[in-house]
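There are 2 protein chains.
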Amino acid sequence: MELAIVFGGASFEHEISIVSAITVKSILNYTPVFIFLDDEHNFYLIDEKDMNARTFSSGSYKKMKHLSISHGGFELSGMFGSKKLDVFAVLNLVHGSDGEDGTLASLFDFFKIRYVGPRIEASMVSFNKVLTKAYAESIGVKTLDYEVLYRGGTNIVKTALPVIIKPARLGSSIGVSIVKVENELEYALDSAFEYDDTILIEPFIAGVNEYNLAGYKTDKFVFSMVEEPQKNEFLDFEKKYMDFSRRSIVSKADVSESLEKRIQETFERIYDPIFIGSLIRCDFFEIDDEVYLNEINPIPGSMAHYLFDDFNSVIYDILENLPRKDKISTGYDYIHSISSAKGK
Amino acid sequence: MELAIVFGGASFEHEISIVSAITVKSILNYTPVFIFLDDEHNFYLIDEKDMNARTFSSGSYKKMKHLSISHGGFELSGMFGSKKLDVFAVLNLVHGSDGEDGTLASLFDFFKIRYVGPRIEASMVSFNKVLTKAYAESIGVKTLDYEVLYRGGTNIVKTALPVIIKPARLGSSIGVSIVKVENELEYALDSAFEYDDTILIEPFIAGVNEYNLAGYKTDKFVFSMVEEPQKNEFLDFEKKYMDFSRRSIVSKADVSESLEKRIQETFERIYDPIFIGSLIRCDFFEIDDEVYLNEINPIPGSMAHYLFDDFNSVIYDILENLPRKDKISTGYDYIHSISSAKGK
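Below you can see the structure in the form of C-alpha cells.
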C-alpha cells in the first residue's frame with residue numbers, strides 16, 4: 003500500500019506542516035511518497051533524501067519534479083507525456099488553510115483519491131471556531147461561553163476580563179492573546195483581526211484543567227492516551243511548533259477512570275459520523291467536573307503520533323478502513339417526462 | 003467579460019442543474035460559455051446550439067470537447083497540446099452535491115478561478131440542514147425546533163405529529179415527507195435514510211406563511227422582491243423542477259413594509275459576510291409575527307432570476323464585485339530559528 007504524504011500548503015501553518023511531515027517520516031516504519039504543496043498551489047514530488055527543512059526554506063524544491071492532480075491520483079509530466087504516480091492513498095498533513103478548511107478534501111473527493119483526513123464538513127466545523135461552537139451545541143457537547151466580533155463592526159467586548167481572543171479560523175495559537183487589563187484589549191483585537199475578519203472571545207480561566215485525546219473510528223473507536231498538555235498560560239506558536247516535531251511518546255495524564263471515560267464519550271459524540279476517515283485530536287477543559295470541548299484538531303501536529311503506543315499500526319488500521327464516497331446515480335427521468343409532456 | 007456557466011455534477015439534482023442552465027441561457031442578454039460536469043467529474047465544453055436537454059439525456063455530450071481544470075481556468079486538450087479557455091469568471095450552477103457542498107468552490111479557489119457561488123463555509127452551512135440550524139442559532143436567527151436522527155441509531159421520534167422529515171443534506175424536496183399519522187412514520191424515515199445518514203425532523207405547520215427572498219451584497223445589499231411560493235402542502239421534486247425552468251417574473255407577495263424589512267434584515271444577518279460572492283435565496287416562515295429561517299439556497303434554481311426585475315444587471319453587478327481570496331504569505335522564520343538553535 004503506497005502512501006503519499008501531502009504537506010505544505012498556502013497556510014500560515016505552512017512551516018508547521020513541513021515539520022510535521024519530517025517528524026512523521028521519522029516515525030513510520032516504511033517510506034511513503036512525499037508530495038509538497040507550495041503556496042502557489044503547485045505540487046512537487048520530493049525525494050526521501052531531500053526531506054529536510056532546507057529543501058523548502060531555500061526554495062530548492064522548485065527544481066524538483068512537478069506533479070499535477072487528476073482522476074485517481076497525481077501525474078508526473080515529463081518529456082514523453084505524463085505518467086501516473088502509483089499511490090494507494092494520501093495522508094493529508096497540511097495544517098490550517100488548504101488542509102483543514104476543506105479545500106484539499108474537496109480536491110481528493112473530486113478526483114477520487116483515497117485519503118486520510120477530515121472530509122469537507124468535518125473540516126468546516128473544526129476550522130471555524132464559531133461553527134465548532136455551533137456544532138458542539140447541536141450535538142449536546144459543552145463549550146465555554148463566547149462572543150463573536152466582526153472586522154468593521156463594533157469592538158465592544160462584553161465578556162468580563164480576563165479573556166482569550168482568537169481569530170475564528172486559525173490554529174496553532176497564531177493571533178491569539180490573553181487580555182487581563184482593559185488597555186491591552188485594543189491591541190489584542192487588532193492582532194487577531196490581522197489574521198481573520200471574525201474573532202472569538204471567551205473567558206480566560208487561569209489554571210483550568212486541560213486534557214487532549216486523539217482517536218479515530220473504523221468499526222470501533224480507537225483512542226490514544228489522555229494527555230495533559232504542559233502549559234505556560236497557553237502554548238504560543240513557537241512552543242507548539244517545537245511540539246509538532248516531538249518524537250518521543252508522552253506520559254499519560256493522571257486522570258480518574260471516570261473522567262477518562264467521559265472524555266472518550268465526548269470525543270465519540272464529536273467524531274461520529276462526520277470525522278470518519280480522519281485521526282483527530284480534541285482538546286478539552288474540565289471545569290467543575292464537567293467536560294468542555296475547547297478545540298478540534300482534525301489534522302493534529304505530526305498526527306499526534308506521540309499519544310499512541312504503536313503509531314504504525316494506527317496508520318495501517320485507518321488506511322485499511324478508509325470510507326468510500328457513495329457514487330451518486332444520476333438519471334434523466336424528469337427531463338424525459340417533461341419532453342414527453344411537451345410532445346417533443 | 004467572458005462568463006462560463008458550469009452545470010451538471012454528480013448530484014441528485016443533476017437534471018435540475020441542466021434545466022437551470024438552459025433557463026439562465028434564455029434570460030441572459032449575451033452568450034456565455036457552457037461547461038458541463040458529468041457524474042464522473044469530467045468537464046465538457048458544450049456549444050450553444052447543443053444546449054438542450056437531449057444532449058445530456060442521450061449521452062451525446064460525451065462526443066463533445068473535453069476540458070481539464072487547471073490554474074486560472076479550463077484547458078482544451080487537443081492533438082497539438084492544450085489550449086487555455088478564455089474565461090473571466092465561472093457561474094456555479096451545479097445544484098446539490100458538488101455545487102452546493104463546497105467541492106466546486108474548493109476547486110475554483112484552489113485553481114484561482116473567479117466564481118459566482120457560495121464559498122466553502124457558506125456551502126457547508128447551507129448544505130447540511132443541521133449546520134444551518136446551528137449557524138442560525140449562532141447569529142441569532144430563529145428556526146423551527148428540530149431533532150436529528152442518524153442511520154443505525156434510534157428511530158424514536160420525539161416531536162409531536164404532524165412532522166416534516168428531511169434528509170440533512172439534500173435540496174429540492176428529495177426524500178422529504180410529511181407525516182401525520184404514526185403508521186406512516188417508519189416508511190418516511192426509511193425514505194429519508196435512503197438519501198442521507200442524517201435526517202432532520204421538524205414540526206409540520208399546515209398553512210404557515212412562507213416567504214422567499216433572494217439577494218446578494220457588493221458594497222451594499224441588493225434584494226429581490228419577496229415571493230410567496232405557491233404551495234401544495236409542500237413543493238415536491240417534480241413541481242420544483244418545473245419551477246426551475248420558469249421564465250417569467252413572479253408577482254410580489256402581499257407583505258407589509260414592516261415584515262418585508264424584517265425579512266431583509268434577517269437575510270442580511272445570514273448573508274454577511276460568509277455568502278459574499280454568491281446570489282442566494284433564503285426561504286422564511288412567518289409565525290406569530292416572527293421571521294424564521296427555513297432554508298438557505300446558495301445556488302437557487304435558475305438563479306431565482308424570476309424574482310429580479312433586471313437579472314442581467316444583477317449578474318453584471320456580481321461579476322464586477324467578486325471577492326478575491328487574500329494571498330496567504332508563507333515564510334520560513336521558524337525553520338530558520340530552529341536550524342540556528344540546533345547549530346545547523
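If you read the sequences in order, they're chains A and B. Residue numbers for the first sequence follow my numbering, beginning at 3 and rising by one. Residue numbers for the second sequence follow my numbering, beginning at 3 and rising by one. The C-beta atom is built at its ideal place from N, Cα and C for all residues, glycine as well.
Residues bridged to residue i [DSSP beta-bridge criterion]
| i | result |
| --- | --- |
| A/Phe110 | Answer is none; A/Phe110 lacks a bridge partner. |
| B/Asn299 | B/Arg283 |
| B/Tyr294 | B/Phe287 |
| A/Thr200 | A/Tyr152 |
| B/Ser28 | DSSP lists no partner for B/Ser28. |
| A/Phe38 | A/Phe9, A/Tyr46 |
| A/Ile180 | A/Ile166 |
| B/Pro231 | Answer by DSSP bridge pairing: none, since B/Pro231 is not bridged. |
| B/Ser128 | Answer by DSSP bridge pairing: none, since B/Ser128 is not bridged. |
| A/Ala347 | Limits of chain A in this structure are 3 at one end and 346 at the other, which puts residue 347 of chain A out of reach. |
| B/His338 | Paired residue(s): none; B/His338 is not in a bridge. |
| B/Ser79 | B/Ser84 |
| B/Phe2 | There is simply no residue 2 of chain B to check, as chain B begins at 3 and stops at 346 in what is shown. |
| B/Ile18 | In the DSSP output, where bridge partners are listed per residue, B/Ile18 has none listed. |
| A/Lys67 | A/Leu47 |
Identity of the residue in the options nearest residue i by Cα
| i | options | result |
| --- | --- | --- |
| A/His43 | B/Tyr213, B/Ser72, B/Glu77, B/Ser28 | B/Ser72 |
| B/Glu292 | B/Tyr308, B/Ile298, B/Tyr213 | B/Tyr213 |
| A/Asn211 | A/Ala194, A/Thr200, A/Asp256 | A/Asp256 |
| A/Glu102 | A/Leu163, A/Ser19, A/Val178 | A/Ser19 |
| B/Tyr218 | B/Pro120, B/Lys168, B/Lys160, B/Ala12 | B/Pro120 |
| B/Glu4 | B/Glu259, B/Ile115, B/Thr161 | B/Ile115 |
| B/Phe225 | B/Thr268, B/Ile166, B/Lys65, B/Asp192 | B/Thr268 |
| B/Gly142 | A/Ile265, A/Ala136, A/Thr145, A/Lys144 | A/Ala136 |
| A/Leu30 | A/Tyr308, A/Val181, A/Ser128 | A/Tyr308 |
| A/Ile24 | A/Phe223, A/Tyr318, A/Glu50, A/Gly104 | A/Glu50 |
| B/Asp328 | A/Glu196, A/Ile337, A/Ser260 | A/Glu196 |
| B/Gly98 | B/Asn54, B/His16, B/Ser140, B/Leu163 | B/His16 |
| B/Asp198 | B/Ala216, B/Tyr189, B/Leu172 | B/Leu172 |
| A/Leu261 | A/Arg248, A/Phe277, A/Val26, A/Leu215 | A/Leu215 |
Rounded C-alpha distance that separates residue i from residue j
| i | j | result |
| --- | --- | --- |
| A/Arg326 | A/Thr156 | 45 Å |
| B/Pro275 | A/Leu133 | 14 Å |
| A/Phe45 | A/Gly75 | 12 Å |
| B/Glu230 | B/Ala208 | 15 Å |
| B/Phe112 | A/Ser108 | 10 Å |
| B/Leu187 | B/Ile203 | 11 Å |
| B/Ile289 | B/Ser70 | 49 Å |
| A/Ser179 | A/Val159 | 14 Å |
| B/Gly333 | A/Phe36 | 20 Å |
| B/Glu184 | B/Ile298 | 30 Å |
| A/Thr145 | A/Leu295 | 5 Å |
| A/Ser79 | A/Phe9 | 20 Å |
| A/Lys168 | A/Phe286 | 17 Å |
| A/Ser13 | B/Ala12 | 29 Å |
| A/Ser331 | B/Val252 | 33 Å |
| A/Lys85 | B/Ile176 | 42 Å |
| A/Glu77 | A/Gly83 | 10 Å |
| B/Ser258 | B/Ile265 | 11 Å |
| A/Asp100 | A/Leu39 | 10 Å |
| A/Ala306 | A/Tyr318 | 15 Å |
| B/Lys222 | B/Gly279 | 13 Å |
| A/Ile48 | A/Arg56 | 12 Å |
| B/Asp335 | A/Gly61 | 14 Å |
| B/Phe129 | B/Pro34 | 27 Å |
| A/Lys272 | A/Phe206 | Looking at the sequence shown, residue 272 of chain A is not Lys but Ile. Straight-line Cα distance between these residues: approximately 23 Å. |
| B/Leu350 | B/Val228 | There is no way to answer for residue 350 of chain B, as the model of chain B reaches only from 3 to 346. |
| A/Lys182 | B/Ser193 | 54 Å |
| A/Phe310 | B/Ala138 | 38 Å |
| A/Ser22 | B/Val118 | 35 Å |
Interface partners of residue i on chain B, CB under 7 Å
| i | result |
| --- | --- |
| A/Gly104 | Gly104, Ser108, Ile122 |
| A/Ala23 | What A/Ala23 touches in chain B: nothing, since even the nearest Cβ is about 12 Å away. |
| A/Ser59 | Tyr334, Ile337, His338 |
| A/Asn314 | By Cβ distance, chain B contributes nothing, its closest Cβ being about 26 Å from A/Asn314, past 7 Å. |
| A/Asp192 | Residues of chain B passing the Cβ test: none, with the nearest at roughly 17 Å. |
Neighbour list for residue i in chain A, Cβ cutoff strictly below 7 Å
| i | result |
| --- | --- |
| B/Phe14 | Ile330 |
| B/Glu149 | Ordered by position in chain A, no residue passes the 7 Å Cβ test against B/Glu149, which lies about 11 Å from the chain. |
| B/Asp41 | Ile330, Thr332 |
Within chain A, partners of residue i - CB distance below 8 Å
| i | result |
| --- | --- |
| B/Asp111 | Thr105 |
Could you say if the stretch 298 to 306 of chain A and the stretch 144 to 153 of chain A meet the contact criterion of at least three C-beta pairs nearer than 8 Å?
no
Do the stretch 81 to 92 of chain B and the stretch 310 to 325 of chain A make contact, defined as three or more Cβ pairs closer than 8 Å?
no
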